[in-house]
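Asks: In terms of the numbering used here, the sequence shown has 10 at position 10, counting the first letter as 1, and numbering is strictly consecutive.
Where is the CB? At the ideal position from N, CA and C, for every residue including glycine.
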Amino acid sequence: NPGNWFNTMTIDKGSAHGIDVNMAVVTDKGLIGRVTDVGKSWSKVRTIIDGQSSVSAIIERTRDNGMVKGNNTLTFEDGLCRMINLPLDSDVVVGDRVITSGLGEIFPKGIYIGEVVEVIYERRDLYKTAIVKPGADFQRLEEVLVISRVDE
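1. What is the rounded straight-line gap between the Cα of residue 123 and the Cα of residue 30?
2. Using beta-carbon positions only, say whether residue 132 and residue 83 come within less than 7 Å of one another.
3. Using a Cβ distance threshold of 8 Å, determine whether the region 88 to 97 contacts the region 37 to 55, with at least three qualifying pairs required.
4. What residue from 99, 125, 35 has the CA that sits closest to residue 157's CA?
5. Check whether the Cβ atoms of residue 147 and residue 24 lie closer than 7 Å to each other.
6. Check this for me: beta carbons of residue 33 and residue 48, under 7 Å apart or not?
7. Please say whether residue 145 and residue 21 have beta carbons closer to each other than 7 Å?
8. Ignore the nearest five residues each way along the sequence and tell me which others in residue 13's own chain have a CB closer than 8 Å to its CB.
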């Protein structure tokens, strides 16, 4: 797709390789996104930096729950994410690690998403927002791993 960031991407594996919609996609640096469309030999992936993406997450140190949403839209791209709906009493600080919470049954619990680079709190808001820099480099992606569901 146009632009400097990979908001969506196509990978060269599909249903013939066991790929299915909503499977998690990662690299060794962290979460990339989820599969949104599958053909026989290809799959489309929506990345976590895409403005339409959302991932249930927790701050690893404080265990506070929130939702990680992509910042990239048609008119604005910075390759970052926002972790919204953090409790007002959250002790989140710059440098905290953000991981998947396992809620929602798409992303397994504990996958590294990124690091908090800024905490925003406006008096009129009912929650805090953390700006998260993803661990993965979305400008230089070459290989990804698709995680198949594991029945417990």
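Replies: In brief:
1. If you draw a straight line from the Cα of residue 123 to the Cα of residue 30, it is about 33 Å long.
2. Between residue 132 and residue 83, the C-beta gap is smaller than 7 Å, which places the two residues in contact.
3. No: fewer than three Cβ pairs fall under 8 Å.
4. Limits of the chain in this structure are 1 at one end and 152 at the other, which puts residue 157 out of reach.
5. Contact flag set, yes.
6. A contact, by the Cβ cut-off of 7 Å.
7. Contact flag unset, no.
8. So the qualifying residues of the chain are 19, 41, 42, 43, 146.
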